[in-house]
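Chemist: The structure follows.
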């Protein structure tokens, strides 16, 4: 409760951009646990050892399935051929070595595992994505991440829906958020706990070049969020509404 009151005071006394930056550009309200673990099968990948042309890799896969030691090189080679279990194991090795240092590979190989419904790999994938540089991440890998992330979001995984809000936008990993995607995100969030609307509103408000139209859209989103069944979402939305009102009544107001 004390932390929540401090947060409210900070919201009322500081610009949203500064507050959002201090919070790591995220709304500090976690998704409901049951919505975090929704798994979606996008691509089962390699399902039969006989499909491998290399005898060495066939032997390596048999060993892996028998829970026998397999070299890191063979795990990566199997993962490159879309073996989801190998991708999961290889991701775990990289994770132990450091998320930031291996972010691109953790995200990419995690996406191969997650595509087959391995949700633990999906969670690591998303965490690693926060360390990716939108300017240098290969386009092919971005497409693979999107290929997995979007179905998870539309399938009801709250972590994925949060990630769509986080990674769509000017200068972000997936680029500008299209109106079609925004509408789909809001449709997916309909009847939820208001966190998605809250995140979208903050993304609009923390932009120092926001317009009156941006503020009006943010207010519409916040009005939806204030009806949440979660007190933390209600409280944050109500205080952001008051903050926007103070901007528009004083020096914080902007014009088109």
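In our numbering, the protein residues as written are 384 to 639.
The C-beta atom is built at its ideal place from N, Cα and C for all residues, glycine as well.
The model shown is predicted, which means the values in this text are computed figures rather than measured ones.
1) Hey, residue 616 and residue 608 are a contact pair by Cβ (cut 8 Å); roughly how many whole angstroms apart?
2) Whose C-alpha, out of 463, 494 and 547, is nearest the C-alpha of residue 563?
3) Curious, which full-length beta strand (DSSP E) runs of at least 3 residues does the region 465-528 contain?
4) Closer than 7 Å by C-beta to residue 468: which residues in its own chain qualify, once you throw out the five before and the five after it? Chain order, please.
5) Going straight from the alpha carbon of residue 542 to that of residue 438, what length do you get?
6) Look at the Cβ atom of residue 461, then the Cβ atom of residue 436, and state whether they are nearer than 8 Å.
7) Between the C-alpha atoms of residue 601 and residue 538, what's the straight-line distance to the nearest angstrom?
8) Go ahead and pull the three-state DSSP assignment for residue 542.
9) Considering just the uninterrupted stretch of the alpha helix (DSSP H) at residue 603, what are its terminal residues?
10) Since residue 517 and residue 554 are thought to touch, with beta carbons under 8 Å apart, how far apart are those beta carbons, to the nearest angstrom?
11) Report back the beta-carbon spacing between residue 489 and residue 479 to the nearest angstrom; my notes put them in contact at under 8 Å.
12) Within the same chain, show all residues whose beta-carbon is closer than 6 Å to that of residue 508, passing over the 5 residues directly before and after it, in chain order.
13) Return helix, strand or coil for residue 424, following the three-state DSSP convention.
14) Apart from the five residues just before and just after residue 454, which ones in its own chain have a Cβ nearer than 8 Å to its Cβ?
15) Which residues in the same chain as residue 452 place their Cβ atom closer than 8 Å to its Cβ, once the five residues preceding and following it in sequence are excluded?
16) With H, G and I counted as helix, E and B as strand and the rest as coil, what does DSSP make of residue 628?
17) Is the Cβ-Cβ distance between residue 471 and residue 418 less than 8 Å?
Modeler: Per the coordinate set shown:
1) 6 Å
2) 547
3) none
4) 447
5) 39 Å
6) no
7) 25 Å
8) helix
9) 595-608
10) 7 Å
11) Not confirmed; about 10 Å, so no contact.
12) 490, 493, 494 and 497
13) strand
14) 443
15) 446
16) helix
17) no
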